[in-house]
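Trainee: Handing you this structure, nothing more for now.
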Amino acid sequence: MNNVYELEHIYKTYKNDGKEFTALKDVSLSVHEGEIFGIIGMSGAGKSTLVRTLNRLEEVSDGTVRFFGEDLASLKPRELRNIRHSISMIFQSFNLLNQRTVIENVEQPLKITHTPRAERRGIAMEMLKIVGLEEKANEYPARLSGGQRQRVAIARALAGNPKVLLCDEATSALDPKITGEILDLLKKINEERGLTIVIITHEMAVVEKICDRVAIIDNGVLAEIGDVREVFSSPKSTAARKLVFPSNPFDPTKSDGRLIRIVFDGLKASEPFIANLVKTTGKTVNILSANTKSVGGIGYGQMVMELPDDVNDQETIIEFFKSSGLAVSEIE
Ligand code: ADP
174 MNNVYELEHI YKTYKNDGKE FTALKDVSLS VHEGEIFGII GMSGAGKSTL VRTLNRLEEV
234 SDGTVRFFGE DLASLKPREL RNIRHSISMI FQSFNLLNQR TVIENVEQPL KITHTPRAER
294 RGIAMEMLKI VGLEEKANEY PARLSGGQRQ RVAIARALAG NPKVLLCDEA TSALDPKITG
354 EILDLLKKIN EERGLTIVII THEMAVVEKI CDRVAIIDNG VLAEIGDVRE VFSSPKSTAA
414 RKLVFPSNPF DPTKSDGRLI RIVFDGLKAS EPFIANLVKT TGKTVNILSA NTKSVGGIGY
474 GQMVMELPDD VNDQETIIEF FKSSGLAVSE IE
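With my numbering, letter number 189 in the sequence shown gets 362, and the count goes up by one each step, no holes.
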């Protein structure tokens with residue numbers, strides 16, 4: 174598998190008026206060719222800073238960013254300009270030129286690379302077809318909806334035939350339905366053109382819907398990274414748990430009994446395992462919280478429960494869950 178990006182021990186320290194702030198701390202990760210890679214975190218976590226290091230809009234303070242094996246920091250201005258043609262970006266605010274028509278906007282990256290006019294038009298029209306907006310070619314952006322403007326921005330991003338598309342909160346200004354349509358379009362482009370996509374977002378739903386792998390950034394630190402299904406079904410870091418199960422009303426410190434957490438994946442989610450527990454063992458548990466999610470059409474979830482006082486009953490119950498294939502962990 175080829176890596177589009179390899180980040181090794183990235184640090185970014187901002188210096189303002191003699192004050193220093195370290196926004197990225199020792200972040201190392203790779204982005205694989207052909208995948209949709211999500212970077213998620215709370216506001217202020219360092220996501221935008223991180224994505225801006227991927228095209229050297231932001232210089233790193235320490236560490237290395239490699240793009241197809243090339244250290245971005247070592248590039249001369251001309252080399253950097255060339256490589257940036259391979260790295261397209263779309264933003265929350267679309268960043269279209271309002272004085273230019275839709276097709277002129279899409280032609281922009283081709284103008285920069287001095288593609289002849291006739292060829293430019295042809296490519297731009299083709300890109301507008303991909304995003305379903307060929308009929309709007311001669312409109313001005315002001316007359317388009319938010320979702321349509323983002324489609325134009327995507328067409329423009331594709332026109333230069335990039336190797337990677339960086340999306341910085343690209344759907345955050347759109348309502349859920351339009352967000353869904355834009356994500357479907359990005360997925361289609363990923364599948365049909367094999368384009369690697371990096372998505373920065375604070376929204377779980379975005380990652381769930383289209384990302385293959387996800388990195389969770391918390392306070393400038395890489396808290397967790399992995400396959401989306403794995404991270405979402407058994408989040409290991411506190412930051413990941415907070416994102417995956419944000420509204421856990423249960424406070425374990427307020428209970429005296431023995432507590433366990435069971436984590437179940439999609440297959441088990443449909444089984445009435447609590448009813449089965451009672452039927453099979455005659456024992457009951459006190460469910461303190463439950464959270465389930467659907468990821469790619471498959472359910473994931475966890476439950477926190479309080480066990481009865483009798484130690485033998487506790488073991489019977491734990492054995493029952495384990496033999497049903499559920500992951501059981503103690504809560505201290
Ligand atoms: P996110 O995209 O996750 O919301 P950012 O990368 O924008 O986070 O910001 C991470 C942290 O770095 C924030 O605390 C922010 O205030 C700080 N920061 C971002 N840009 C600058 C800057 N130019 N100067 C100083 N601090 C900055």
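For every residue, glycine included, the Cβ atom is placed at its ideal position computed from N, Cα and C.
1. In whole angstroms, what is the alpha-carbon distance linking residue 222 and residue 356?
2. Give the residues whose C-beta lies closer than 6 Å to at least one heavy atom of the ligand ADP, in chain order.
3. Quick one: is residue 476 buried, meaning 16 or more other Cβ sit within 10 Å of its Cβ, or exposed?
4. Compute the distance between the beta-carbons of residue 219 and residue 393, then report whether it is under 8 Å.
5. Would you mind giving the Cβ-Cβ distance between residue 490 and residue 458, rounded to the nearest angstrom? I have them listed as a contact below 8 Å.
6. Let's test the definition: count the other Cβ atoms within 10 Å of the Cβ of residue 228 and tell me whether it reaches 16, buried, or not, exposed.
7. How far does the beta strand (DSSP E) with residue 261 in it extend, from its first residue to its last?
8. Which value, in whole angstroms, describes the spacing of the CA atoms of residue 206 and residue 268?
9. Are the beta-carbon atoms belonging to residue 211 and residue 384 less than 8 Å from one another?
10. Can residue 248 and residue 260 be called in contact, C-beta distance under 8 Å?
11. Given this structure, state the Cα-to-Cα distance separating residue 360 from residue 495, to the nearest angstrom.
12. Residue 380: buried (16+ other C-beta within 10 angstroms of its C-beta) or exposed?
13. Which residue from 325, 504, 480 puts its Cα closest to that of residue 493?
14. Go to residue 225, then tell me how far its alpha helix (DSSP H) extends in each direction, as first and last residue.
15. Taking the beta strand (DSSP E) that residue 196 falls in, what are its first and last residues?
16. With a floor of 4 residues, list each alpha helix (DSSP H) that falls wholly inside the stretch 361-410, ordered by position along the chain.
17. Where do the N-terminal and C-terminal ends of the alpha helix (DSSP H) with residue 496 fall, by residue?
18. Compute the Euclidean distance between the alpha carbons of residue 134 and residue 243, then round it to the nearest angstrom.
19. If contact is defined by three or more beta carbon pairs under 8 Å, each pair taking one atom from either stretch, is the stretch 332-343 in contact with the stretch 302-311?
20. What number of angstroms, rounded off, separates the C-alpha of residue 294 from the C-alpha of residue 271?
21. With which residues is residue 459 paired in a DSSP beta bridge?
22. Mapping the DSSP letters down to three states, classify residue 357 as helix, strand or coil.
Mentor: According to the structure data:
1. Translated into positions along the sequence shown, residue 222 becomes position 49. Translated into positions along the sequence shown, residue 356 becomes position 183. Taking the straight line from one Cα to the other gives about 23 Å.
2. 187, 189, 194, 196, 214, 216, 217, 218, 219, 220, 221, 222
3. As a position in the sequence shown, residue 476 is number 303, starting the count at 1. The residue is buried, with at least 16 neighbouring Cβ atoms inside 10 Å.
4. Here residue 219 is taken as the residue at index 46 of the sequence shown, counted from 1. Here residue 393 is taken as the residue at index 220 of the sequence shown, counted from 1. Yes, these two residues count as a Cβ contact at 8 Å.
5. The count along the sequence shown starts at 1 and reaches residue 490 at position 317. The count along the sequence shown starts at 1 and reaches residue 458 at position 285. Yes, residue 490 and residue 458 are in contact; Cβ-Cβ is about 6 Å, under 8 Å.
6. Here residue 228 is taken as the residue at index 55 of the sequence shown, counted from 1. Per the 10 Å Cβ criterion, buried.
7. Residue 261 sits at position 88 when you count from the first residue of the sequence shown. Unbroken beta strand (DSSP E) run through residue 261: 260-264.
8. The sequence position of residue 206 within the sequence shown is 33, counting from 1. The sequence position of residue 268 within the sequence shown is 95, counting from 1. Using only the alpha carbons, I get a separation of about 26 Å.
9. The count along the sequence shown starts at 1 and reaches residue 211 at position 38. The count along the sequence shown starts at 1 and reaches residue 384 at position 211. Yes, they are a contact pair.
10. As a first step, residue 248 is located in the sequence shown; it is residue number 75 there, counting from the start. As a first step, residue 260 is located in the sequence shown; it is residue number 87 there, counting from the start. No, these two residues do not count as a Cβ contact at 8 Å.
11. For this step, residue 360 is matched to residue 187 along the sequence shown. For this step, residue 495 is matched to residue 322 along the sequence shown. C-alpha separation (whole angstroms): 37 Å.
12. Numbered from its first residue, the sequence shown carries residue 380 at position 207. Classification of residue 380: buried, given that the 10 Å Cβ count is 16 or more.
13. Residue 493 sits at position 320 when you count from the first residue of the sequence shown. With distances taken between Cα atoms, residue 493 lies closest to 480.
14. Along the sequence shown, read from residue 1 onward, the residue named residue 225 stands at position 52. 220-226 is the span of the alpha helix (DSSP H), which, as asked, contains residue 225.
15. The residue labelled residue 196 in the question sits at position 23 within the sequence shown. Its beta strand (DSSP E) spans residues 192-205.
16. 377-383, 401-406
17. As a first step, residue 496 is located in the sequence shown; it is residue number 323 there, counting from the start. Residue 496 -> alpha helix (DSSP H) spans 484-496.
18. Nothing about residue 134 can be reported from this structure: the residues present for the chain run from 174 to 505 only.
19. no
20. Within the sequence shown, the letter at position 121 stands for residue 294. Within the sequence shown, the letter at position 98 stands for residue 271. Computed Cα separation, rounded: 19 Å.
21. Here residue 459 refers to the residue found at position 286 of the sequence shown. Residue 459 pairs with 479.
22. By one-based count along the sequence shown, residue 357 stands at place 184. Here residue 357 sits in helix by DSSP.
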